[in-house]
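This report refers to the structure that appears directly beneath it.
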Amino acid sequence: MPATSKTRPCAIVWFRDDLRITDNPALDASVRRGLPVVALYVLDEESAGIRALGGATRWWLHHSLTRLWESLTAIGIPLVLRRGAAENVLTDLVASTGASLVTWNRRYGGPEIAVDTRVKSALTLGGVTVESFAANLLYEPWTLKPASAPYYRVFTPFWKAALAAGTPRRLLPAPGALTAPASPAPQSPPPGDRLDDWTLLPRSPDWSGGLAATWVPGEDGARARLDRFLDTGLSDYARLRDRPDKDATTMLSPHLRFGEISPNQIWHAVRSRDDGQGADKLLAEIGWREFSWHLLFHNPDLATRNLDARFDRFPWRDDPRGLRAWQRGRTGYAIVDAGMRQLWATGWMHNRVRMIAASFLIKDLMIDWRAGEAWFWDTLVDADMANNPASWQWVAGCGADPAPFFRVFNPALQAEKFDPDGAYVRQWLPERTGGPPPARIVDHAAARRRALEAFKTLKE
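This is the structure we're talking about:
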């Protein structure tokens, strides 16, 4: 029902990929306004163009929302869960609460921007104030633009422009540190869905045991992982980051994907510890994430269309058996198979091994990169709509600033270089210890020649 003299107008904070209370501009703005606050999360599987979550990210979302509910409850803000088209959910909730303000942090995918534009228009016409904020990128995609092109297609000038833009905005505290009303929530929070009813967790079968053993979703888990890395890994990051046999990466990617930690928080934390090579390299990796979102904003169909149109003519092979062998980690190439087993067990794969595994699918098997992107979308806990397709297009040679197609990784040589003692392979392929190696599904040298011959047809 609409607000009455006994029902004080409230503010609604619409959470999306920003499941944290610290350094959250939308939440900060609503709390500072002094109104009772209602937090909302919408599971939108109905709006046109919105890509459904994969299995691994659904698992993560369930646990992340649980942690967010706990954090918000501790500061007196209810979290309402609703399922449906976001435009309908928002207009219904505003009508039932009498909300006078709706805030959110901006998104950058094409369908998501379209949804947000429609929601803002509908609410504004109804007299509701709508405010949106920059929260999940260091630099929003339209703020960096080259002089002679619509957007950057090469990383190095993009990152130089980003660094020249200055230090990212200051950090925002969690609402508990603000001067806020003693009871910021409405007296009677609006009804919502039960999280369990969304069936985000796998049940038949429950394949998530390895994920649960590897990850602690939520804002506290993100902060703990960052602190541990800053204490033990930052100084060696530039030297060891390509070694999958070492615990040398941040493993913050799923926390970033769900916004449990912001790149802004990482930037300031890293710079407060170190201004050396390790810090520069880590922040450059954050820069690649920024570059991917820059590309997606300017190319909303990044997951389906080759940025280099020449590859529309590439003679991809229809090879269901090869694709299945790759997915199951049964190609016969140890480091590829180890990576695919790590992915299935933990929902994550070391970045160097991701490149090796992707190169094998694309160039050794000549299977369309979109098939690999779709598999990673379903199995990675950090799969997002920018990094995932941008990285696959990079390996395939059809993206922005890509690796040349003729650079075909030799899996055996990559293993010798980056897993020299075989520790990574032994961890994820223990059955190969002491036993004969399985048959390889393709001869790498012959497959390389085949791929390069196919690439020549694009030039012709």
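Position 257 of the sequence shown, counting from 1, maps to 257 under UniProt numbering, and the rest follow consecutively. Glycine residues also receive a C-beta, built at the ideal position from the N, C-alpha and C atoms.
Beta-carbon separation of L72 and V94 under 9 Å? What you label residue 72 is simply residue 72 of the sequence shown in a count that begins at 1. What you label residue 94 is simply residue 94 of the sequence shown in a count that begins at 1. Their beta carbons are not under 9 Å apart, which means L72 does not touch V94 by this criterion.
Throw me the rounded Cβ distance for the residue 474 and A56 pair, which I believe falls under 8 Å. In this structure the chain extends from 1 to 460, so residue 474 is not present and cannot be described.
Under a three-way DSSP split, which group does F15 fall into? To locate residue 15, count along the sequence shown from 1; it is residue 15. F15: strand per DSSP, three-state reduction.
In the DSSP assignment, the beta strand (DSSP E) including V381 goes from what residue to what residue? Walking along the sequence shown from the start, residue 381 turns up at place 381. Careful: V381 lies outside any beta strand (DSSP E) and carries neither H nor E.
Look up E285 in the DSSP assignment and give the residues it is bridged to. On the sequence shown, residue 285 is found 285 positions in, with the first residue counted as 1. Answer is none; E285 lacks a bridge partner.
Using 10 angstroms around the beta-carbon of D23, count the other beta-carbons present and answer buried if the total reaches 16, otherwise exposed. Taking the first residue of the sequence shown as 1, we reach residue 23 at position 23. Burial call: buried.
With a CB to CB cut of under 8 Å and the five nearest residues on each side skipped, what residues in its chain are close to I286? If you number the sequence shown from 1, residue 286 lands on position 286. Answer for I286: L138, P263, I266, W267, listed in chain order.
Among L90, N105, W104, nearest to G98 - alpha-carbon criterion: Your numbering for residue 98 matches position 98 in the sequence shown. For the residues L90, N105, W104, the minimum Cα distance to G98 belongs to L90.
Are R440 and T433 closer than 9 Å when you measure CB to CB? Counting from 1 along the sequence shown, the entry for residue 440 is found at position 440. Counting from 1 along the sequence shown, the entry for residue 433 is found at position 433. Going by C-beta atoms, R440 is not nearer than 9 Å to T433.
E290 versus P141: straight-line alpha-carbon distance, rounded: As a first step, residue 290 must be located in the sequence shown, where it is residue number 290. As a first step, residue 141 must be located in the sequence shown, where it is residue number 141. Going by the C-alpha atoms only, they are around 8 Å apart.
Determine whether the beta carbon atoms of L144 and F158 lie at a separation below 9 Å. By one-based count along the sequence shown, residue 144 stands at place 144. By one-based count along the sequence shown, residue 158 stands at place 158. Yes. Within cutoff.
Go ahead and pull the three-state DSSP assignment for W60. In the sequence shown, the residue the question calls residue 60 occupies position 60. Under the three-state reduction of DSSP output, W60 falls in the helix class.
Of the residues F418, L307, G209, E219, the one placed nearest R239, counting alpha carbons only: One-based indexing of the sequence shown puts residue 239 at position 239. Answer by Cα proximity: F418.
Where in the segment 326-382 do unbroken runs of the alpha helix (DSSP H), each at least 4 residues long, occur, reported from the N-terminal end onward? Within the segment 326-382, the complete alpha helix (DSSP H) segments of 4 residues or longer fall at 334-346, 351-359, 369-379, listed in chain order.
Element boundaries [beta strand (DSSP E), containing A39]: One-based indexing of the sequence shown puts residue 39 at position 39. Per DSSP, A39 belongs to the beta strand (DSSP E) from 37-43.
Going by DSSP, what residues sit across from V216 in a beta bridge? Residue 216 sits at position 216 when you count from the first residue of the sequence shown. BP columns for V216 are empty, so no partner.
Would you list the residues sitting across from S132 in a DSSP beta bridge? Your numbering for residue 132 matches position 132 in the sequence shown. According to DSSP, S132 bridges with W104.
Report yes if the CB atom of A403 is closer than 9 Å to the CB atom of R153, and no otherwise. Translated into positions along the sequence shown, residue 403 becomes position 403. Translated into positions along the sequence shown, residue 153 becomes position 153. No. Outside cutoff.
What number of angstroms, rounded off, separates the C-alpha of Q414 from the C-alpha of R273? Position 414 of the sequence shown holds residue 414. Position 273 of the sequence shown holds residue 273. Cα to Cα, Q414 sits roughly 32 Å from R273.
The segment 243-261 touching the segment 336-355, judged by at least three CB pairs closer than 8 Å: yes
Between N306, K363, D280, Q393, which lies nearest to D319 when the distance is taken from Cα to Cα? In the sequence shown, residue 319 corresponds to position 319, counting from 1. Nearest of N306, K363, D280, Q393 to D319, Cα basis: K363.
Please report the distance separating the alpha-carbon of V115 from that of T103. The count along the sequence shown starts at 1 and reaches residue 115 at position 115. The count along the sequence shown starts at 1 and reaches residue 103 at position 103. When rounded, the distance between both Cα atoms is 14 Å.
Which residues share a DSSP beta bridge with R80? If you number the sequence shown from 1, residue 80 lands on position 80. Contrary to the premise, residue 80 reads as Val rather than Arg in this sequence. DSSP lists L40 as partners of V80.
So does the segment 221-235 actually touch the segment 30-49, counting three or more Cβ pairs closer than 8 Å? no
Does DSSP put W207 in a helix, in a strand, or in coil? The count along the sequence shown starts at 1 and reaches residue 207 at position 207. Residue state, collapsed to three classes: coil.
Under 8 Å by Cβ, that's how I've got A269 and L307 pegged, so tell me the actual separation to the nearest angstrom. Counting from one through the sequence shown, the residue named residue 269 turns up at place 269. Counting from one through the sequence shown, the residue named residue 307 turns up at place 307. At roughly 33 Å, the Cβ-Cβ gap does not stay under 8 Å, so A269 and L307 are not in contact.
By how many angstroms is the C-alpha of G435 removed from the C-alpha of D301? Position 301 of the sequence shown, counting from 1, holds the residue named residue 301. Position 435 of the sequence shown, counting from 1, holds the residue named residue 435. One C-alpha to the other measures close to 45 Å.
With the cut-off set at 9 Å, would you say R67 and L27 are in Cβ contact? Stepping through the sequence shown from its first residue, residue 67 is reached at position 67. Stepping through the sequence shown from its first residue, residue 27 is reached at position 27. It is not a contact, given that the beta carbons lie outside the stated cut-off.
Report yes if the C-beta distance between F376 and L61 is below 9 Å; otherwise report no. On the sequence shown, position 376 is the one that residue 376 refers to. On the sequence shown, position 61 is the one that residue 61 refers to. With contacts defined as CB atoms closer than 9 Å, F376 and L61 fail to qualify as a contacting pair.
Within the continuous alpha helix (DSSP H) that includes S253, where are the two ends? Residue numbering aside, residue 253 sits at position 253 when the sequence shown is read from its first letter. Element bounds for S253: 253-257.
Using a threshold of 9 Å, state whether the C-beta atoms of W392 and A445 are closer than that. Counted from its first residue, the sequence shown places residue 392 at position 392. Counted from its first residue, the sequence shown places residue 445 at position 445. Their beta carbons are not under 9 Å apart, which means W392 does not touch A445 by this criterion.
Alpha helix (DSSP H) segment containing L240, residue limits: Position 240 of the sequence shown, counted from the start, is the residue given in the question as residue 240. Its alpha helix (DSSP H) spans residues 237-240.
Please state whether the Cβ-Cβ distance between W215 and T346 is less than 9 Å. Your numbering for residue 215 matches position 215 in the sequence shown. Your numbering for residue 346 matches position 346 in the sequence shown. Against a cut-off of 9 Å, the Cβ pair of T346 and W215 comes out as a contact.
Please classify A412 as buried or exposed, where buried requires at least 16 neighbouring CB atoms within 10 angstroms. Residue mapping note: residue 412 aligns to position 412 of the sequence shown, counting from 1. A412 should be labelled exposed.
Around the Cβ of L101, are there at least 16 other Cβ atoms within 10 angstroms (buried) or fewer (exposed)? Position 101 of the sequence shown, counted from the start, is the residue given in the question as residue 101. With 16 or more Cβ atoms within 10 Å of its Cβ, L101 is classed as buried.
Give the DSSP-derived three-state secondary structure of P189 in the structure shown. Within the sequence shown, residue 189 is the residue found at index 189, counting from 1. Here P189 sits in coil by DSSP.
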